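Residue numbers (the working numbering), protein chains in the order written: chain P, -2 to 356; chain R, 6 to 349; chain V, 112 to 489. All C-beta atoms, glycine included, are put in the ideal place defined by N, C-alpha and C. Keep in mind the model is a prediction, meaning the values are calculated, not measured. Here the structure is laid out as structure tokens; the discussion comes afterwards.
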Amino acid sequence: MSYALNNPQEASGFVATLRKHFFATKFDAVMSLAFGALVIWAIVSILDWAVFDAVFRLENRDQCTYDAGACWAVIESRGRLIMFGLYPYAEQWRSTLACLVIIATMMLSCVPLFWSIRRLPILWVGGFATFVLLMRGGFWNMPLVTSEQWGGLALTLFIFSAVFVIGMPLAVLFALARRSDLPVIAKTFGLIIDFVRSLPLLTILFAAAVVVPLIAPEALQGNKLMRVVVAFAVFFAAYQAEIIRAGLQSTSAGQEEAAVALGMPYWSLVVDILLPQAFRNTLPSTINQAVITFKETSIVTFVGFFELMASGNAAIGTGEWGNQYVEVYVFLALVYFLFVFGLSRYGAWLETRMRLGHG
Amino acid sequence: MTNSLIKLVGAAAIALSSGGVASAQDANLLDTIKERDSLLCTGHNGSYLGFAEVDAEGAWQGFDIEFCKALATAILGSPDKLQVIPVSFAQRFPALQSGDVDVIIKVTGWTQSRDTDLGLQFSRPYFIGPFYTMAKTELGAQSIADLDGGVFCVNAGTTVERVLADYMEVNDVSYEPLAFEKGEELRAAFYNGRCDAIAGFGPFLSATRVNAPDPEAFTILGDVMKLEPEGIVVRQGQDDFLDVINWMVSALLMAEEAGITQANVDDMKANPPSPTIERLLGVSPGVGERMGLSDDWAYNVIKTVGNYGEIYDRTIGDGSRYKLPRGLNNLWNNGGILYPLVLD
Amino acid sequence: MHTILASRRFRRAAIQAAFVGFILLVLVGLVVTTQQNIVAQGIATGFGFLERTTGWPINFSVIEVSARSTYARIILAGLLNTMLVGFLTLFFASVLGIILALLRVSRNTLLRLVGTTYVEVFRNIPVVLQVFFWYAVLTHLPGPKEAHSLAGVAMLSNRGIVLPSFTFVENGLVYLALGVVAAGLWLWFTRNRISRAVRLGVGLGGVAALFVGLVVLGYEPGAPILSLPYLKGLRIAGGVTLKPEMTALVIGLVLFGAAYIGEIIRGGLIAVDRGKLEAGRALGLSSFQINRLILVPLALRASLPSLTNQYVWLMKATTVGLAVGYPDYFAVISTSINQSGQTLELLALLMGGFIVLNYSIAFVMNAINDRIKIKGRS
């Protein structure tokens, strides 16, 4: 787009197109050839490994050797452990269903129809509650499965969505508090936000898992998963608060003044005028933050949870499949990629849409 | 004015907090467990072969897990009341202090600093773990001294790190340590040849060897670096709970000594061969009640997990794929150093 | 009127006082609870343990440590390890990021495609997974006996990459790093004041002199000045080893971080006003000159604030070193907590360390930003 200026006269035809795109200058030609060779080599070796030389079925397991291609049999054998972790074998259909519910919730919330300050929270709280009920069980014919046994993709999705559900309101609170015209409150929250933002997530999760029980009264402790999720949500909120604050700042001051002049109460001003605009203006950054959060759920593996990453490691932890680490890591990467790439493409689409003025 | 305000705030804070502090160090954890109707016991963050591992269906199994089950059965009457909490070696003590788990059964060596600084309390040893070194066979090493200059992998946050450092200094062997938080990473590093040797707990080494793609490629060297008694760990001040644990371990050993097995425990209960067995299996009343348990607690435990020997065989001994010899972990009359206490 | 003002002022004061009171209450409550818990559980407290010896060594350190070192020293070693990986990562990720940004804005479709694929792949996979992956790859290299030898000067095996090295005095690398930082500061603060030749001469000459000094001081009769790697028994001796733990961590972080940095810089490149470039062309500047004098400086200016955030983020991401057994600050503290039981004290050190580190990065980057931004505009 930005190069159109450089090429006022456009030639047409296949050769011309080729030349324009790949061989515009001598330097370009050299680079094209070098990178072209590299790309072809990469594609061929990846295909060889992943498809042509690969062993797909468990019954052909003995064909898996060091110099052969990928041994996808490991996924057939350990796939359920990777996807469900410690979740009871007989109940894993619930875990699958719960994952589908929460994925559907995520997808629905991407539809502009749901973008209202009332519909979105209802959708999320509803989807999230269904998810937890399904996972936990303890009614009808579904035996109770406590959170210690949750694992795999379901736990990853749970952490992600719980962080979102708890973190978002917290972020709004943080952002408003930091903008408060009461200096003490603004300063305190500024301090809290900056403090949290300068720490690695792992430290915060570690503190929540290990230290909170020592310093907080019993009534406030909850179980370990809860503590870790809340700590993660605070971490998320500290980042998201800054995004929202930027969004609030970008709304014109005139609107605020007009609302005050009309005698609008503070909460109405915030909920009806400021927040919707702030959210809309910062949607791309918010999606970006969601992408980062999804990837960072893999950090909870270090505080002893069997989410996707840890379940994958457990799958290759026995000598039986120890050499198939590449296959398992590639499989995990694909699962993460599916979610994260989907989200980030969506973010990019939104950005274009907004730039075109539909926002 | 300010002074009294501070006092007021302080008083309010104390009132606010003191209501809740209790449970983590509740005077009687046993009652809390019964009230909750579940026992929170340690698992592992991944698989610690032979002791706490996850099978393909995501279920826990292993020597330590069997003891967790036994304890849950002793207190609550059923192994289903057990909740296994995954926790790494490095995070087991914080997890206990924070009340995330009630008890640590995770081959934990009895050391002085753990006993004092950490405020823990150990049961009588339920397992004796010798520390060995396992090296790659191709190195041709006969003893640890032959591995001079090699890379030694260990589990992070365990006693092995210290034992190894001591041993190497005393024997004047130079080495390079490499510590891993997770067993999976440790094993992968060793199988791949990132390290020349793993130093660790004997049984764990055997299990690691059996699990290797090619067990013959690894040899456990003869030198015993140290003998470590492993205890079950509770928080300081949990005397009643610790009593139950000690007597549970004793009951498992006593059952083996008397030949009571999972299979014949019903017959034994019907026709007890001796007054001691009568007491052990709760035929004559009183042995459970003094500890706040049901009288047939030991019967339930044996019925559920079997005696000490059966647990051993099933998880790490001849009945398992690890085939570990009993060695020191045998009864005193079979060449080992384990013995039951006196039940009167 | 006066009363309304007064009451409004009073209300504001009351709200803030209540807020302060609440915070105080929470803090005092936490302290009291902590004390009760610690006393009840019989846990030892205080920083006295820092003077005790650890009894366990760590695998890698830029300063000398052993099982006899104190906790204080081993924790310092951990902090330095984190800084080492952090700065290596920032440097290489920035270089790769700039290359990626140039690929992404290239006129050549193929190059753009390569750049885009790279960014989308590496940005969308958790960094922990990437580090795990590279570690697995590096440790699957052949053992020392079958090591790949690169022209006889470097060796590649599952024990790491061994490069030739100079023999320095003890802690020589630390001194050298300090020297390089000092030279960098000198170059920075003297710019526009004295001639370039003098600045470069003093800066580079100083570093070179320090280097020679360290080598001379560290010289031991009989040992070669330049130590080359060679196979000795089970292992590779000589040279300096880049261990797989550190290498995997740096590779993983660099590849991941570069994808983000590349996007930030690309944003900067795109944000540059086309008119300025055309003005340059109108003045008869060559396209190289336009790039160097107009495009790159303006792009950097535009992307610095985001870069600062990314740098801080990358520095924090070094904690995933725990996954591969790299003894970084977090890993060392975590082991110390387990071995000494001083959870609260060690956690305070952990948080304090990261806050100091990250504020320093932000401070330096903001200082640079203040210096290069166009005066009179933000």
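Test: G51/R CB closer than 8 Å to a CB of chain V: By one-based count along the second sequence, residue 51/R stands at place 46. No - not a single Cβ of chain V is within 8 Å of the one on G51/R.
If you run the structure through DSSP and keep just helix, strand and coil, what is H259/V? As a first step, residue 259/V must be located in the third sequence, where it is residue number 148. In this structure, H259/V counts as strand in the three-state DSSP scheme.
Express the C-alpha separation of F192/P and R179/V in angstroms, rounding to a whole number. As a working mapping, residue 179/V is identified with position 68 in the third sequence. As a working mapping, residue 192/P is identified with position 195 in the first sequence. Their Cα atoms are separated by approximately 35 Å.
Below 8 Å, can you find three or more Cβ-Cβ pairs linking the segment 201 to 216 of chain R to the segment 180 to 197 of chain V? A contact is defined here as three or more CB-CB pairs under 8 Å, and the segment 201 to 216 of chain R fails this definition with respect to the segment 180 to 197 of chain V.
Name the two residues that bound the continuous beta strand (DSSP E) containing Q126/R. One-based indexing of the second sequence puts residue 126/R at position 121. Going by DSSP, Q126/R is part of the beta strand (DSSP E) stretching over L125 to F127.
With three or more C-beta pairs closer than 8 Å as the rule, is the segment 244 to 255 of chain V touching the segment 184 to 203 of chain R? Yes, the segment 184 to 203 of chain R touches the segment 244 to 255 of chain V.
Close Cβ partners of I90/R (< 8 Å) along its chain, the five nearest in sequence each way excluded: Taking the second sequence and counting its residues from 1, the one referred to as residue 90/R is at position 85. These residues qualify, in order along the chain: L45, C46, T47, G48, A100, D105 and V106.
Candidates V288/R, D318/R, V254/R and P330/R, of which the one nearest L346/R by Cα: Walking along the second sequence from the start, residue 346/R turns up at place 341. The shortest C-alpha separation from L346/R is found at V254/R.
Note down the Cα distance separating N358/P from V196/V, rounded to an integer number of angstroms. This structure does not reach residue 358/P, given that chain P is present from -2 up to 356, and the question cannot be answered.
Could you name the residues of the segment 322 to 337 of chain P whose beta carbon sits closer than 8 Å to any beta carbon of chain V, in the order they occur along the chain? Hits within the stretch, in order: Y322, V323, Y326, L329, A330, Y333, F334 and V337.
Helix, strand or coil, according to DSSP, for S471/V in the structure here? Taking the first residue of the third sequence as position 1, residue 471/V is located at position 360. In the three-state reduction of the DSSP assignment, S471/V falls in the helix class, which pools H, G and I.
Under 8 Å between the Cβ atoms of I466/V and S414/V? The residue given as residue 466/V occupies position 355 in the third sequence. The residue given as residue 414/V occupies position 303 in the third sequence. At least 8 Å separates the beta-carbon of I466/V from that of S414/V.
In the DSSP assignment, what are the bridge partners of S276/V? Numbered from its first residue, the third sequence carries residue 276/V at position 165. In the DSSP assignment, S276/V is bridged to S338/V.
Coarse secondary structure for C46/R, derived from DSSP in three states: Along the second sequence, read from residue 1 onward, the residue named residue 46/R stands at position 41. Under the three-state reduction of DSSP, C46/R is assigned to strand.
Hey, quick one: how far does the alpha helix (DSSP H) through C96/P stretch, first residue to last? Position 99 of the first sequence holds residue 96/P. Element bounds for C96/P: Q89 to L105.
For T352/V and G134/P, the rounded distance between their alpha carbons: Taking the first sequence and counting its residues from 1, one reaches residue 134/P at position 137. Taking the third sequence and counting its residues from 1, one reaches residue 352/V at position 241. Between the C-alpha atoms of G134/P and T352/V there is a straight-line separation of about 54 Å.
Please classify P84/R: does DSSP put it in a helix, a strand, or coil? By 1-based counting over the second sequence, the position of residue 84/R is 79. Here P84/R sits in helix by DSSP.
Using a Cβ-Cβ cutoff of 9 Å, what residues of the segment 446 to 464 of chain V are near chain P? List them in chain order. Answer set for the segment 446 to 464 of chain V: I448, T454, L455, L458, L461 and M462.
Members of the segment 287 to 307 of chain P near chain R, C-beta cut-off 9 Å: Cβ contacts with chain R come from T298, F299, V300, G301, F302, F303 and A307.
Reducing DSSP to helix, strand and coil, say where S268/V ends up. One-based indexing of the third sequence puts residue 268/V at position 157. If DSSP states are grouped into helix, strand and coil, S268/V belongs with the strands.
Along the segment 143 to 172 of chain P, what residues have a CB closer than 9 Å to any CB found in chain R? So the close ones are T143, E145, Q146, G148 and G149.
Kindly say whether P237/V, judged by its beta-carbon, lies nearer than 8 Å to any beta-carbon of chain P. Numbered from its first residue, the third sequence carries residue 237/V at position 126. The Cβ of P237/V sits closer than 8 Å to at least one Cβ of chain P.
Any beta-carbon of chain V closer than 8 Å to the one on F246/R? Within the second sequence, numbered from 1, the residue matching residue 246/R stands at position 241. No, no contact with chain V.
In three-state terms, what does DSSP make of L348/R? If you number the second sequence from 1, residue 348/R lands on position 343. The answer is coil: DSSP assigns L348/R none of H, G, I, E or B.
Check whether R240/R and Q152/V have beta carbons under 8 Å apart: For the purposes of this step, residue 240/R is identified with residue 235 of the second sequence, where counting begins at 1. For the purposes of this step, residue 152/V is identified with residue 41 of the third sequence, where counting begins at 1. Contact flag set, yes.
Is there contact between the segment 264 to 271 of chain V and the segment 352 to 364 of chain V, where contact requires at least three CB pairs shorter than 8 Å? Segments in contact, yes.
With a cut-off of 8 Å, do at least 3 Cβ pairs link the segment 117 to 129 of chain V to the segment 275 to 283 of chain R? Counting Cβ pairs under 8 Å, fewer than three are found: no touch.
To the nearest angstrom, how far is it from the Cα of I201/P to the Cα of A478/V? As a first step, residue 201/P must be located in the first sequence, where it is residue number 204. As a first step, residue 478/V must be located in the third sequence, where it is residue number 367. I201/P and A478/V: Cα-Cα distance of roughly 28 Å.
If you draw a straight line from the C-alpha of G159/V to the C-alpha of Y182/V, how long is it? As a working mapping, residue 159/V is identified with position 48 in the third sequence. As a working mapping, residue 182/V is identified with position 71 in the third sequence. Their Cα atoms are separated by approximately 10 Å.
If you count every other CB in all the chains shown that lies within 10 Å of the CB of P262/P, and 16 or more means buried, which is it? As a working mapping, residue 262/P is identified with position 265 in the first sequence. With fewer than 16 neighbouring CB atoms inside 10 Å of its own CB, P262/P falls in the exposed class.
Looking at C-beta atoms only, is the number of pairs between the segment 284 to 295 of chain P and the segment 330 to 344 of chain P that lie closer than 8 Å three or more? These segments touch.
Give the secondary structure of I174/V by DSSP, where H, G and I count as helix, E and B as strand, and everything else as coil. For the purposes of this step, residue 174/V is identified with residue 63 of the third sequence, where counting begins at 1. I174/V: coil per DSSP, three-state reduction.
Over the uninterrupted beta strand (DSSP E) stretch that includes I203/R, give me the two end residues. Taking the first residue of the second sequence as 1, we reach residue 203/R at position 198. Boundaries of the beta strand (DSSP E) around I203/R: A202 to F206.
CB contact check: H251/V to chain R, cutoff 8 Å: In the third sequence, counting from the first residue as 1, residue 251/V sits at position 140. Yes, H251/V lies at the interface with chain R (some Cβ there is under 8 Å from its Cβ).
Mind checking whether G291/R and D300/R have CB atoms under 8 Å apart? The residue you call residue 291/R lines up with position 286 of the second sequence. The residue you call residue 300/R lines up with position 295 of the second sequence. Closer than 8 Å, so yes.
Where DSSP assigns a beta bridge to V52/P, which residues make up the other side? Along the first sequence, one-based indexing puts residue 52/P at 55. The bridge partners DSSP lists for V52/P are C68/P.
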